[in-house]
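As structure tokens, the structure follows; a few thoughts come after it.
In UniProt numbering, the protein residues as written are 1 to 104.
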């Protein structure tokens, strides 16, 4: 049976400890890198989603505001036109009545 000297045993133990430490460090670094990458990806995705949602909401709000403004303008124009037409009709009616009066 082969017997190792204390120096050789120490070197083997050191190498084994170094390999184990390296593997633990690698796994820890990998997990940390994965978490950082995940968070960065999540933030980027969130920002893109937020911007897209904001643009979509802005467009919807603009369209809704435009439709509401158009309806209000149409109603206001209709009321104004109706009043003008009524006044004009009233004036013409009065003129016709005076024209048909005897002695006019």
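Using N, Cα and C, we set each Cβ at its ideal position, and we do this for glycine too. Quick caveat, the model's predicted, so the values are computed rather than measured.
Residue i, DSSP secondary structure in three states
i	result
residue 92	helix
residue 97	helix
Separation of residue j from residue i, as counted between CA atoms
i	j	result
residue 38	residue 31	10 Å
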